[in-house]
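A.B. asks: Chains as they are written, first to last, in the working numbering: chain A, 1 to 244; chain B, 245 to 406.
In this text, a Cβ means the ideal position worked out from N, Cα and C, and glycines have one as well.
Everything numeric in this text was worked out from a predicted model, so none of it was measured.
1. Quick one: using the 10 Å Cβ neighbour count with 16 as the cut-off for buried, is residue 91(A) buried or exposed?
2. Kindly confirm or deny that the region 93-101 of chain A and the region 133-148 of chain A touch, where touching means at least three C-beta pairs closer than 8 Å.
3. Please determine whether the Cβ atom of residue 124(A) lies at a distance below 8 Å from any heavy atom of the ligand PLP.
4. Could you pull the DSSP bridge partners for residue 197(A) from this structure?
5. Might you give, ordered along the chain, the residues of its own chain that have their beta carbon closer than 7 Å to the beta carbon of residue 186(A), omitting 5 neighbours on each side?
6. Just checking: is the beta-carbon of residue 111(A) within a distance shorter than 9 Å of some beta-carbon in chain B?
7. If you drop the 5 nearest sequence neighbours on each side, which residues of the same chain put their C-beta closer than 8 Å to that of residue 242(A)?
8. With DSSP run on the structure shown, which of helix, strand or coil describes residue 208(B)?
9. What is the DSSP secondary structure of residue 38(A), counted as helix, strand or coil?
10. Taking only beta-carbon positions, decide if residue 246(A) is within less than 9 Å of chain B.
11. Looking only at C-alpha atoms, which of 306(B), 374(B), 290(B) and 314(B) sits nearest to residue 299(B)?
12. Buried or exposed for residue 395(B), please, with buried defined as at least 16 other CB atoms from any protein chain shown within 10 angstroms of its CB.
13. Relative to chain B, which residues along the region 177-189 of chain A have a C-beta separation below 8 Å, given in chain order?
14. Give me the Cα-Cα distance between residue 389(B) and residue 19(A), rounded to the nearest whole angstrom.
15. What does DSSP give as the partner residues of residue 223(A) in its beta bridges?
16. DSSP state of residue 336(B), grouped into three classes?
17. Which one of 138(A), 22(A), 204(A) and 170(A) has the shortest CA to CA distance from residue 349(B)?
18. Spatial neighbours of residue 318(B) within its chain, please: CB distance less than 6 Å, with the 5 preceding and 5 following residues excluded, ordered by chain position.
19. Measure the alpha-carbon distance for residue 365(B) versus residue 297(B) and round it to whole angstroms.
20. Consult DSSP for residue 261(B) and reduce its assignment to one of helix, strand or coil.
21. Please confirm if the region 39-55 of chain A is in contact with the region 169-180 of chain A, defined as three or more CB-CB distances below 8 Å between the two stretches.
22. If contact is defined by three or more beta carbon pairs under 8 Å, each pair taking one atom from either stretch, is the region 344-362 of chain B in contact with the region 29-38 of chain A?
23. Taking the alpha-carbon of residue 157(A) as reference, which of 193(A), 71(A), 129(A) and 122(A) has the nearest alpha-carbon?
24. Return the CA-CA distance between residue 107(A) and residue 328(B), expressed in angstroms with no decimal places.
25. Would you say residue 294(B) reaches chain A, if we count a Cβ-Cβ gap shorter than 9 Å as a contact?
26. Does DSSP put residue 191(B) in a helix, in a strand, or in coil?
27. Since residue 215(A) and residue 84(A) are thought to touch, with beta carbons under 8 Å apart, how far apart are those beta carbons, to the nearest angstrom?
28. Is it buried or exposed, residue 49(A), if we count other Cβ atoms within 10 angstroms and call 16 or more buried?
29. Would the beta-carbon of residue 404(B) fall within 9 Å of that of residue 336(B)?
30. Tell me which same chain residues have a C-beta within less than 8 Å of the C-beta of residue 238(A), skipping the five on either side of it?
31. Counting only beta-carbon atoms, is residue 14(A) nearer than 9 Å to chain B?
32. What's the call for residue 209(A), buried or exposed, on a 16-neighbour Cβ count within 10 Å?
33. Alpha carbons only, please: which of 164(A), 39(A), 57(A) and 88(A) is nearest the one belonging to residue 105(A)?
34. So with Cβ pairs under 9 Å, would you call residue 350(B) a contact of chain A?
35. Is the beta carbon of residue 150(A) closer than 9 Å to that of residue 110(A)?
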């Protein structure tokens, strides 16, 4: 297991070998050191992963849950944006009716969370949380404001690129995905050990939304498209074995 | 056609804004006589509790799920009923662990201590050594099931590839 310490470089060189997998013990992200699960993991045969996930009813979300700009009496400060895309499996099939949850910092780079002490103002009109169910085409749709960058304590002068956190369920529990969506052209990406923990630059680019003029609503909001592709479910294909 | 999968990223320290807006840790009415309280502490590799973690329980047979954030002492807690077992297996929940520092969530399982016979016959438990097996079976403690999760170290919980 790689050791994270004060001498570790923050960002390691690109390495396409990992594909879509994050390097879970990426040393530049210091918090991995004492938290990532002891490796090697135990591999289960694929049949043990074939379990269906929950079914969500329409009551799982409220009417305004996917519009983060309309959850308070006033409008939040910031650049209004539309973020939409489809949740698909690796075969390109839409995953309908699944729960998508997002959370993010406000336009000043501050989360509405007691632990966040970044000296940027809170916005009384912005909570920073949204959720929706995907439609029959697997499409989700959010209206929000563009989150700000913010400093964090990982290393000297560390700043997170602008991002929105996404949580997606999928059909099976092995499709469960929590990830982050970034914005095109963000100069902080290459300095960020969380983004670069995806060592393959092609895979990393899948975390970046695409600006889309057709999604942009004239006189109202910039539009971004970002598809989310979940695995088929079940990555273990070898017989049950204990890695140690 | 095979589309490339979207990579995972950490939930970070502020996930509760989005994922813990509503209490979602009860799969049963606490007043139900069949209700089981399941609680534990999430520990890091230095033996310190993880106060900004999140644990999800998944019942693949009943297609139910629940989630609990960890508190300042690293404690998560659920009210559940025992899931049905699949044929030839012991009843269990799949357990997903999320936290700042985890770039991808980790997968483990929790089994029930009063299912001695079914646990002995469970193919996944049977394939583990005794120490590993013990990390997946909750302990009955004053009417509560106690299930601690240790990410690393000599007594680390068994985690599964996914």
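C.D. replies: The short version:
1. Residue 91(A) comes out exposed.
2. yes
3. Inclusion of the ligand PLP in the displayed structure is not the case, the ligand content being empty and no account of it being possible.
4. Answer by DSSP bridge pairing: none, since residue 197(A) is not bridged.
5. 161 and 162
6. Answer yes: the Cβ-Cβ gap between residue 111(A) and chain B drops below 9 Å somewhere.
7. In this predicted model, residue 242(A) has a pLDDT of only 43, less than 50, meaning its place in the structure is not dependable; the value taken from the coordinates is given anyway. Excluding sequence neighbours, residue 242(A) sits near 42.
8. Since the displayed chain B opens at 245 and closes at 406, residue 208(B) lies outside it and no answer follows.
9. coil
10. Since the displayed chain A opens at 1 and closes at 244, residue 246(A) lies outside it and no answer follows.
11. 314(B)
12. buried
13. 177, 178, 179 and 180
14. 40 Å
15. In the DSSP output, where bridge partners are listed per residue, residue 223(A) has 82(A).
16. strand
17. 22(A)
18. 285, 286, 293, 294 and 295
19. 32 Å
20. helix
21. yes
22. yes
23. Per the Cα distances, 193(A).
24. 47 Å
25. yes
26. Nothing in the structure corresponds to residue 191(B), since chain B is present only between 245 and 406.
27. 6 Å
28. It is buried - the Cβ of residue 49(A) has at least 16 other Cβ atoms within 10 Å.
29. No, the pair does not count as a contact, with Cβ atoms beyond the cut-off.
30. For residue 238(A), the predicted structure reports a pLDDT of 37, less than 50, and the residue's modelled location is therefore unreliable. The matter cannot be settled from this model.
31. no
32. buried
33. 164(A)
34. yes
35. yes
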